[in-house]
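Novice:
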DNA sequence: ATATTATTGTAATTGATTCTCAATAAAGTT
DNA sequence: AACTTTATTGAGAATCAATTACAATAATAT
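Protein chains in written order, with the numbering used here: chain B, 1 to 144; chain G, 145 to 288.
Shown next, in the form of structure tokens:
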């Protein structure tokens, strides 16, 4: 299996784009992060390490990473985008606590069947899905 | 089954809030709209009818309507919220074309089982879920 | 080395949503 | 019906994430 770096470099080359230190720094940092991240967090982490990468560059790289299948957007319903790396990870969904914001991940294989069924039924070429479940975690139920 | 208006009025009263013409106008207009809508569309529709309701009021009423279970937010991934009425409608999910933006609705009853399973497994009190599937519709596949 | 042009950082801009504030008006009380 | 209390309103300012313009820089091809 290709490394994330390889995937990204091939994508860059194939598109006639350029390989820059900023892009590589951002990519590296993303793959150091476990779990989810947002633009601000990524920016601060890079800054802490002495990187001079601007937020604008982060905003500019993310669509590329999404497009080449390394990263995906996640919606936690809090006013801005979150992201997670998906390359080499099983597709999963999120269970979110409406009070404390805890995020649990779970897999739901039957959704692949659903995708196939929708493709047949409506003639769609399905690219993916997002499922979020929300509620209150055990701790927050008591606290309410 | 109570009417939407009844549900809303009871909610208002119960909360010690006030019943105002603006709120009723907005509610009425929402229930005239079939399908999905967003704040701008709702605002323009009201304006066209001669209503003086401001966008601020719309933004202020929507959380109330969501809270009392008449309306829900829908994410079409295009930078702003969409809404749909859910009172008296079966819960459904959305299949969206990434190119032309077409939205199809479908029901997926197995997700109720999933909710129960998650509740058991993680001790959550589940409040709901959102599922979006995306891809390319038949027409747009050809056009690509 | 040189030319071409993609990429960068900075700062300005956009667009959706929220907030401030003074004026208004619901609902309860006399 | 008049009075009081205070929630609600509209207008515009403020906020916040995300995008864009622009001039300087630097990555690739020749």
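All C-beta atoms, glycine included, are put in the ideal place defined by N, C-alpha and C.
Under a CB-based cut-off of 8 Å, is residue 281(G) close to chain B?
Specialist: Yes, contact with chain B.
Novice: Express the C-alpha separation of residue 187(G) and residue 205(G) in angstroms, rounding to a whole number.
Specialist: Approximately 12 Å, taken between the alpha carbons.
Novice: Report the option in 193(G), 183(G) and 211(G) whose CA atom is closest to the CA atom of residue 200(G).
Specialist: Of 193(G), 183(G) and 211(G), the residue nearest in Cα terms is 183(G).
Novice: From the beta carbon of residue 141(B), is the nearest beta carbon of chain G less than 8 Å away?
Specialist: Closer than 8 Å to some Cβ of chain G, the Cβ of residue 141(B) qualifies, so yes.
Novice: Buried or exposed for residue 83(B), going by 16 or more other Cβ atoms inside 10 Å?
Specialist: Label assigned to residue 83(B): buried.
Novice: Drop a sphere of 10 angstroms on the beta-carbon of residue 203(G), count the other beta-carbons inside from all chains shown, and report buried for 16 or more, exposed for fewer.
Specialist: Residue 203(G) comes out exposed.
Novice: Using 10 angstroms around the beta-carbon of residue 265(G), count the other beta-carbons present and answer buried if the total reaches 16, otherwise exposed.
Specialist: That one is exposed.
Novice: Grab me the residues of residue 197(G)'s own chain with a C-beta within less than 7 Å of its C-beta, minus the 5 sequence neighbours each way, in chain order.
Specialist: Around residue 197(G): 166, 169, 170 and 190.
Novice: Label residue 6(B) either buried or exposed according to how many other C-beta atoms from any shown protein chain fall within 10 Å of its C-beta, with 16 as the threshold for buried.
Specialist: Its Cβ having fewer than 16 others within 10 Å, residue 6(B) is exposed.
Novice: Given that residue 118(B) touches chain G, what residues does it touch there, using C-beta distances under 9 Å?
Specialist: The answer, in chain order, is 239, 248, 250, 277 and 279.
Novice: How far does the alpha helix (DSSP H) with residue 32(B) in it extend, from its first residue to its last?
Specialist: Segment 21-32, the alpha helix (DSSP H) holding residue 32(B).
Novice: Would you mind working out which of 238(G), 279(G) and 269(G) sits nearest residue 179(G), comparing C-alpha positions?
Specialist: Considering only alpha carbons, the answer is 238(G).
Novice: Give a yes or no on whether the C-beta atoms belonging to residue 111(B) and residue 98(B) are separated by under 8 Å.
Specialist: Result no, Cβ atoms of residue 111(B) and residue 98(B) do not sit closer than 8 Å.
Novice: Within the 8 Å Cβ cut-off, does residue 114(B) reach chain G?
Specialist: It does; some Cβ of chain G falls within 8 Å.
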